[in-house]
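To keep things clear, I will list the structure first and then write my remarks on it.
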Amino acid sequence: MIQTIWQPDTQIHAQLAALKPYLLAHVNIDNPAINARVHALLQAGGKLLRPGFFYLFSQFGADQAADRLQAGAAAMELLHVATLIHDDVIDESPERRHVTTIHQDYGQRNAIYAGDLLFTCYFDLVVASARTTTDIQRNVAAMRGILQGELDQMAHNFHPQTSLNDYLKVAAGKTARLFSLSCQQGAQLAQAPQAIVDLGAQIGQQLGLAYQMLDDILDYTGDEQLTHKLPLTDLRDGVYSLPLIYALQADASLARQLPMPGTTATDTDLLAIRDQVVALGGVTQAQQLATQYTQHALSLINQLPAGTTQQTLRQLVTQLLIRNH
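If you use UniProt numbering, the sequence shown closes out at 325, no skipped numbers anywhere.
What follows is the structure in structure tokens.
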């Protein structure tokens with residue numbers, strides 16, 4: 001079932017519905033158990049934001065070759081899912097999209113290999129959709145940026161001195177880079193004007209940063225029944241995200257209560273820290289910054305050609321800022 005976020009746009013909804021069987025047909029892992037688990041993850045879906053934005057920006061181009069665009073959109077989703085599989089190993093997550101994670105049943109090594117195999121499937125689709133080597137190089141650069149962002153985050157784990165600039169650099173790589181690529185690549189492969197391709201990259205970067213900020217906020221305030229994620233996971237793992245960074249700026253003594261490497265924080269400890277982060281204005285300031293980045297994305301969207309696609313983008317970006325999962 002495609003997320004309701006896409007249902008107002010019948011064309012995108014239809015394209016994303018067709019994308020699922022296409023993804024399954026292009027992911028074949030020669031290990032029945034692992035293949036079945038990866039297929040279950042792909043069928044479970046998620047918001048399909050990256051391929052959705054890819055398709056939206058492709059509407060600004062004159063070349064609507066369905067096969068090329070489908071391969072390009074599928075590549076965006078496979079890159080995203082591959083990184084999720086690796087993230088689940090790092091975070092020791094028991095479940096993703098209501099599907100038991102691969103490492104939970106088959107071990108970390110097999111999960112990592114499964115994620116690596118999806119990277120190869122991703123590049124198969126990148127090659128299938130590319131017009132020129134520049135299209136391939138754009139994906140290589142984006143993947144490098146995403147992985148560098150993950151390494152940057154690990155370098156800052158358990159560091160109370162993590163600054164806002166540190167945070168923005170990490171978020172720009174690990175999250176916003178793929179949003180930027182999806183918007184840019186959709187426009188590029190459909191042969192949209194270069195000005196729109198460039199705007200797509202900028203819009204994707206801004207909305208990707210806002211999206212990560214709201215994810216961080218939901219880690220502190222979200223309803224587990226809606227997010228399907230264990231609350232305060234980042235805090236537990238030593239990932240000091242935006243609300244905590246702002247809270248530490250307000251009261252540096254909070255650092256003495258934070259989990260340290262090799263220690264296990266109790267739920268009571270984590271909830272006490274959460275309450276202080278909220279009381280110190282960390283969540284409010286994070287929401288304000290997410291709103292600023294969303295507004296910047298909207299101002300860039302206003303530079304796109306007027307019409308239904310521009311309007312859909314504006315509505316979607318606004319809706320993502322107020323999501324609860």
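No residue lacks a Cβ here, since even glycine has one placed at the ideal position from N, Cα and C.
This one's a predicted model, so the numbers in the text were calculated from it and none came from an experiment.
Note that the C-beta distance between Q70 and L19 is below 8 Å.
The alpha helix (DSSP H) runs of length 4 or more contained entirely in the stretch 233 to 278 are, from start to end of the chain, 233 to 236, 242 to 250.
The continuous alpha helix (DSSP H) containing E150 extends over residues 133 to 156. Within the same chain, Cβ atoms closer than 7 Å to the Cβ of V197 are found at Q184, A187, Q188, the five residues on either side in sequence being excluded. In the three-state reduction of the DSSP assignment, E95 falls in the strand class.
Taking 8 Å as the upper bound for CB-CB distance, G61 and Q191 are in contact here, some 5 Å apart.
Here the alpha carbons of H80 and Q292 stand approximately 25 Å from one another. Taking a contact as a CB-CB distance under 8 Å, the pair T233 and Q59 does not count as one, their CB atoms being some 36 Å apart. Note on R109: under 16 other CB atoms within 10 angstroms of its CB, so exposed under the neighbour-count rule. Contact between the stretch 172 to 179 and the stretch 243 to 263 is absent: fewer than 3 CB-CB pairs across the two stretches fall below 8 Å. In the DSSP assignment, R109 falls within the alpha helix (DSSP H) that extends over 108 to 129. Per DSSP, A195 is one residue of the alpha helix (DSSP H) stretching across 194 to 221. For I34, the enclosing alpha helix (DSSP H) stretches over residues 32 to 44. I203 is not a Cβ neighbour of A82, given a cutoff of 8 Å.
Taking a C-beta distance under 8 Å as the contact criterion, Q205 and F179 qualify as a contact pair.
Its chain contains I217 as the residues whose beta carbon lies nearer than 7 Å to that of Q287, once the 5 sequence neighbours on both sides are disregarded; these appear in chain order.
Across the structure, H26 and Q249 are spaced so that their CA atoms are roughly 48 Å apart. Between P160 and Y240, the C-beta gap is smaller than 8 Å, which places the two residues in contact.
Each residue's CA atom was taken as its position, placing L289 and A210 some 8 Å apart. Counting C-beta pairs closer than 8 Å gives three or more between the stretch 39 to 53 and the stretch 90 to 103, which meets the contact rule. Distance from the CA atom of G282 to the CA atom of N28, rounded to whole angstroms, is 44 Å.
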